[in-house]
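Down below is the structure, laid out as structure tokens.
There are 4 protein chains.
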Amino acid sequence: MSAASTEDHRYVLSLGCPDRTGIVARISTFLAEVGGWIVEAAYHADADTGWFFTRQAVRASSVDMSIGELRERFAAVAAELGPETEWTVSDTGERKRVVLLVSKEAHCLHDLLGRAAGGELPADICAVIGNHRDLEAVTRQHGIDFHHVPFPKDPAERGPAFEQVRELVDAHDPHAVVLARFMQVLPSELCEHWAGRAINIHHSFLPSFVGARPYHQAFARGVKLIGATCHYVTAELDAGPIIEQDVIRVDHADEVADMVRQGRDIEKLVLSRGLRWHLEDRVLVHGRKTVVFS
Amino acid sequence: MSAASTEDHRYVLSLGCPDRTGIVARISTFLAEVGGWIVEAAYHADADTGWFFTRQAVRASSVDMSIGELRERFAAVAAELGPETEWTVSDTGERKRVVLLVSKEAHCLHDLLGRAAGGELPADICAVIGNHRDLEAVTRQHGIDFHHVPFPKDPAERGPAFEQVRELVDAHDPHAVVLARFMQVLPSELCEHWAGRAINIHHSFLPSFVGARPYHQAFARGVKLIGATCHYVTAELDAGPIIEQDVIRVDHADEVADMVRQGRDIEKLVLSRGLRWHLEDRVLVHGRKTVVFS
Amino acid sequence: MSAASTEDHRYVLSLGCPDRTGIVARISTFLAEVGGWIVEAAYHADADTGWFFTRQAVRASSVDMSIGELRERFAAVAAELGPETEWTVSDTGERKRVVLLVSKEAHCLHDLLGRAAGGELPADICAVIGNHRDLEAVTRQHGIDFHHVPFPKDPAERGPAFEQVRELVDAHDPHAVVLARFMQVLPSELCEHWAGRAINIHHSFLPSFVGARPYHQAFARGVKLIGATCHYVTAELDAGPIIEQDVIRVDHADEVADMVRQGRDIEKLVLSRGLRWHLEDRVLVHGRKTVVFS
Amino acid sequence: MSAASTEDHRYVLSLGCPDRTGIVARISTFLAEVGGWIVEAAYHADADTGWFFTRQAVRASSVDMSIGELRERFAAVAAELGPETEWTVSDTGERKRVVLLVSKEAHCLHDLLGRAAGGELPADICAVIGNHRDLEAVTRQHGIDFHHVPFPKDPAERGPAFEQVRELVDAHDPHAVVLARFMQVLPSELCEHWAGRAINIHHSFLPSFVGARPYHQAFARGVKLIGATCHYVTAELDAGPIIEQDVIRVDHADEVADMVRQGRDIEKLVLSRGLRWHLEDRVLVHGRKTVVFS
Chain Z
1 MSAASTEDHR YVLSLGCPDR TGIVARISTF LAEVGGWIVE AAYHADADTG WFFTRQAVRA
61 SSVDMSIGEL RERFAAVAAE LGPETEWTVS DTGERKRVVL LVSKEAHCLH DLLGRAAGGE
121 LPADICAVIG NHRDLEAVTR QHGIDFHHVP FPKDPAERGP AFEQVRELVD AHDPHAVVLA
181 RFMQVLPSEL CEHWAGRAIN IHHSFLPSFV GARPYHQAFA RGVKLIGATC HYVTAELDAG
241 PIIEQDVIRV DHADEVADMV RQGRDIEKLV LSRGLRWHLE DRVLVHGRKT VVFS
Chain G
1 MSAASTEDHR YVLSLGCPDR TGIVARISTF LAEVGGWIVE AAYHADADTG WFFTRQAVRA
61 SSVDMSIGEL RERFAAVAAE LGPETEWTVS DTGERKRVVL LVSKEAHCLH DLLGRAAGGE
121 LPADICAVIG NHRDLEAVTR QHGIDFHHVP FPKDPAERGP AFEQVRELVD AHDPHAVVLA
181 RFMQVLPSEL CEHWAGRAIN IHHSFLPSFV GARPYHQAFA RGVKLIGATC HYVTAELDAG
241 PIIEQDVIRV DHADEVADMV RQGRDIEKLV LSRGLRWHLE DRVLVHGRKT VVFS
Chain D
1 MSAASTEDHR YVLSLGCPDR TGIVARISTF LAEVGGWIVE AAYHADADTG WFFTRQAVRA
61 SSVDMSIGEL RERFAAVAAE LGPETEWTVS DTGERKRVVL LVSKEAHCLH DLLGRAAGGE
121 LPADICAVIG NHRDLEAVTR QHGIDFHHVP FPKDPAERGP AFEQVRELVD AHDPHAVVLA
181 RFMQVLPSEL CEHWAGRAIN IHHSFLPSFV GARPYHQAFA RGVKLIGATC HYVTAELDAG
241 PIIEQDVIRV DHADEVADMV RQGRDIEKLV LSRGLRWHLE DRVLVHGRKT VVFS
Chain P
1 MSAASTEDHR YVLSLGCPDR TGIVARISTF LAEVGGWIVE AAYHADADTG WFFTRQAVRA
61 SSVDMSIGEL RERFAAVAAE LGPETEWTVS DTGERKRVVL LVSKEAHCLH DLLGRAAGGE
121 LPADICAVIG NHRDLEAVTR QHGIDFHHVP FPKDPAERGP AFEQVRELVD AHDPHAVVLA
181 RFMQVLPSEL CEHWAGRAIN IHHSFLPSFV GARPYHQAFA RGVKLIGATC HYVTAELDAG
241 PIIEQDVIRV DHADEVADMV RQGRDIEKLV LSRGLRWHLE DRVLVHGRKT VVFS
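Protein chains in written order, with the UniProt record's numbering: chain Z, 1 to 294; chain G, 1 to 294; chain D, 1 to 294; chain P, 1 to 294.
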């Protein structure tokens, strides 16, 4: 948690593998051998899938080797845990990179820019890409590049625009591509290409109200709470693994415009929480679901 | 609110009609003319449907006539507001009647029995009807009649059982028929017969997870909040007007059994709130939605 | 609610007076006489103090007179309700004015600037006054004047600085003076001078953790929820009438820095909600408490 | 979590000790050596106090020895971690015992009886002790002993009554002594005697509104949320380590009686959650605070 200054940076190990006896012992013994002072440790054994997940953070200063050597040595441990094991070791002292995709709605962009400026987001926002120019000025005020990529009205003709977006995004090799109310459905090849890195905020409590105009759908149904969902983007619309959700109470006096206004606050909170957890390697995806060590 | 002792009972007017200028003036002038000291007043003008709703409570002691005469005199006012006007005048000093339909799950029944015993529910529970005998003992401990109506396994053969339930319920002419985890789909003629009085608790945040085993559906989808919905029963399954909803946070460590356990608390809260509002004439139905003057 | 464009602006009547029979009738009859189409109406009869409160909004287009004439005619009605009656009639088409007092913390300022830019706040931010220059740049980016008023370290010598703040504020005759994490205790004469207009955000769930460093106090006590409180400023520190409060869950893993970060989100929400309600004349103060017709 | 049937019971290790490198490795290596299949594991390193906490649950069937032998062997590990180490090893297959202290308010007792009957509480309620007879009947309906211990009006003369309560409680050697709205302040020697086992539910969001009539205090202050706090009892009134808290929204229309009614729901939830966590050895006390591995 808190700020990751280079003085007290941490090495963060995230891992998922088939569950069996002795995994915690194997990993923690390794960490002890390299001198790692554990400041955060979380585990989850998933009875449903028989999978084991862990995230551990050690003080970098307690480990007497480079992160490269640490990774090399841990690779041998991971190999013992089986060929399906997936793991990463990251350094909180290395800034992560984020690219934002936006359209006309300002609130999520404005919120993330403010959090980044305040040092709350453990990443740099490298670029903002918009299919409209509405959010260019506010982006540039924060000293961040804005790229305008116009999208044709006909969905069938958007291929070149998406290709341009892809190139602009990939130039930064970002840890997260955030669809901050981008309002465009990514083609499946981009979903695949950015798998595990593309994060969307959907303005409903999924799986309710998939697709367009969810506040209108919520108003028509007469629900008493509205919500927002932060999830990884997959080829199936609004069906990717959910990272975070939250809701706010509404009542009969709230018209669609009121729901839109109140919903913005939930969208901002849910997106910023989900993104921060993703950037801190707290989110492990398994199938259609996530483990979140928040 | 508070207790409706006969000492300080109230007359409650609930009304819905097409909106136009002067309705509030007409109604409040009438109440002033009969001496009514207003202790609660709520209004809603629905821009979407052009409908007007109000609920007003006056001290019975301030009105110098019987409730029968009050109704008679108000009928003339209502007539002025147009033929579509729907209204009721009730007396909080007259105990309302509730019949509960249950199956095997005890928590909602136990919760409502406790609230009734504690004087929190402004009604008498006249009878409990179960398609199993599991909840007979706890019902009788509270001095309430329990009727066992076995249901055949084949849904096509349940007609006589539902007919028996109907007769047992109608014998009490209840203000509310509560499906307290009854787990049986009412035939459409019963939905029609008890329209506006049959209240169900569904163990999901509708419209997500309609139908059977919603906690299993929620677990499979990996949602981060689970919920419950109290709604009026209509012929379309889990699609009736929503009275109240609420949610509770879950995470990756919660298995289906944990969701079931935590969900019970939300079911109890949501059902008890929705039922109380219904019994206090705080819920006005219009089309597929409700106005709740909570 | 929603935006107050001049096309569909509304006249809003807010009133408090000693309760008795016939008040609603008197007011609503008046509104009907002037042709007022009521779009929102809320009432509260306070049993504890014997006071009556109402807020009513009518379509301006439905009233065939100027707001000046409307006020003049309503004054006669108010006079009938007794000498203690307090009331206002405002026009949502007239922009209200807000002045912000800040120090070094950016989040509340940044949030309010974003909401104002997005048209969500029914007011213009006329000026920002800071006792430090940290927030000058972000203020000016939004095209808003920033005034730097340095404060001496010795509290006993701050009189002239407060006098300068007072002049800068009063130049705008604002409807709200918002202490957006200003971190300075207003002298009692300023509390008196801006009574009912000075709004503070305190970063605790009052009355817990009055005064300095509330997150440190919360951490030391080991509470499981932290909160924020938006309240009117009075001479007694953190004891003014509460407009809005909310909380967020924390646990043993959250250090003070985590509480500070998570608390910011609650501060922003609570302040923005409280301020909007104040600006929409939804908050009526009575003694140490508020009636909020949200 | 879930039910602790003897088939799949678990051994639960809870431990607190001064933090240093290698603790996780030492404990998990020990568990691996005895064959322990870990199904739940949680850690917390407290930066503020330099203390380390863990709770781990292993399948009993995976460990090839008695719990007595497991404890004996773990004692050697604990000794390595220093003389300040505190730890327990419990078996979820051994039913725990709870004694309830009550007065006249039924809701918490009724709620706990229902949860125990529904198999939701991992413990047996051995006895209920009341200073009034109001709750005798409902207790006996559940087949549980009720002891009536009248309390003199004069606090100075209550010594013998408390002595009788102590004897009745200690006869069951309970894992938890729950003050379920007992409304009597325990003498400090009983606080000491039941330290870490006596659990109180206070009907406010502590540290706000300590002592008597907290809903009246909340009403007078005009707060917008009311709450409840489950905490360990210590000699200082309402100041013990907090296990769980929650809140519910109220508004100006809620009188004290409404707060009392709505507050009951929060009291029940907070007490039942806190008690369950305590009984599942999820709560570790350190100084004035708790670590809760929920």
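Positions of the beta carbon are idealized from the N, C-alpha and C atoms, including for glycine.
Burial check for P/Glu80: the Cβ neighbour count within 10 Å stays below 16, so the residue is exposed. Straight-line spacing of the CA atoms in G/Val102 and G/Val292 works out to 26 Å.
Taking C-beta separations shorter than 6 Å and ignoring five residues to either side along the sequence, the partners of G/Val12 in its chain run Ala57, Ser90 and Asp281, following chain order. The beta carbon of P/Arg264 is closer than 7 Å to those of His107 in its chain, skipping five residues each way along the sequence. By the beta-carbon neighbour count (other beta carbons within 10 angstroms, threshold 16), G/Thr88 is exposed. Using a 10 angstroms sphere on the CB of Z/Met259, the tally of other CB atoms reaches 16 or more, which defines it as buried. Cβ-Cβ distances below 7 Å link D/Trp37 to Val58, Arg59 and Ser62 in the same chain, with the five nearest sequence neighbours on each side left out; the list follows chain order.
Boundaries for P/His286: no alpha helix (DSSP H) harbours it, while the beta strand (DSSP E) harbouring it runs Val283 to His286, taken from the DSSP string. Residues of chain G whose Cβ lies closer than 7 Å to the Cβ of D/Ile38 are, in chain order, Val24 and Ala45.
Taking 4 residues as the shortest admissible run, the stretch 126–203 of chain Z contains the following complete alpha helix (DSSP H) segments, listed from N- to C-terminal end: 136–141, 159–170 and 188–193. Contact annotation for P/Gly114 against chain Z: no contact, minimum CB-CB distance about 26 Å [criterion: below 8 Å]. Here the stretch 212–230 of chain D makes no contact with the stretch 151–160 of chain D; the two share fewer than three CB pairs at distances below 8 Å. Residues of chain G with a Cβ closer than 7 Å to the Cβ of D/Gly82 do not exist; the shortest Cβ-Cβ separation is about 16 Å. Close CB contacts of Z/Val247 within its chain, under the 6 Å cut and outside five residues either way in sequence, are with Phe205, Leu225 and Gly227 (chain order). Inclusion of G/Ala42 and G/Leu279 in the CB contact set at 8 Å is not warranted, their separation being larger than that value. Chain order gives the chain P residues near G/Gly118 as Ala106 and His107, where near means a beta carbon separation below 7 Å.
Spanning the alpha carbons of G/Val177 and Z/Arg10 requires a straight line of approximately 59 Å. A direct Cα-to-Cα measurement between D/Asp251 and P/Leu15 gives close to 18 Å. For chain Z, the residues of the stretch 247–278 of chain G that bring a beta carbon within less than 7 Å of one of its beta carbons are Val247, Asp251, His252, Ala253 and Glu255, in chain order. No Cβ of chain G is located within less than 8 Å of the beta carbon of Z/Asp8.
If you keep only unbroken alpha helix (DSSP H) runs of at least 4 residues inside the stretch 204–234 of chain P, you get 214–221. Shown here, D/Leu112 sits in a helix according to DSSP, grouped into three states. G/Pro241 is positioned such that its CB atom lies closer than 8 Å to that of G/Val285.
Per the coordinates, the alpha-carbon of D/Ile201 lies some 53 Å from the alpha-carbon of G/Gly130.
Chain G places a beta carbon closer than 8 Å to that of Z/Leu225, counting this residue as a contact.
Check the Cα spacing between D/Val34 and each of D/Glu72, D/Asp46, D/Arg20 and D/Ala47: the tightest is with D/Glu72.
Here D/Gly68 carries a helix assignment [DSSP, helix/strand/coil]. Among the residues of chain P, none has a CB under 8 Å from the CB of G/Gln56; the nearest is roughly 14 Å distant.
Residue pairing from DSSP leaves Z/Lys104 without any beta-bridge partner. Taking the beta carbon of Z/Leu13 as reference, no residue of chain P falls within 9 Å; the closest one sits roughly 12 Å away.
At least one C-beta of chain Z is nearer than 8 Å to the C-beta of P/Leu31.
Here D/Lys96 is buried. Its C-beta has 16 or more other C-beta atoms within 10 Å.
For the pair P/Glu136 and P/His148, the CB atoms are nearer than the 8 Å cut-off. In the displayed model, G/Thr49 falls within coil according to three-state DSSP, outside both helix and strand.
CA-to-CA, the gap between Z/Asp64 and Z/Glu120 works out to about 29 Å.
In this structure, Z/Asp111 is the residue among Z/Phe182, Z/Glu192 and Z/Asp111 with its C-alpha nearest to the C-alpha of D/Lys268.
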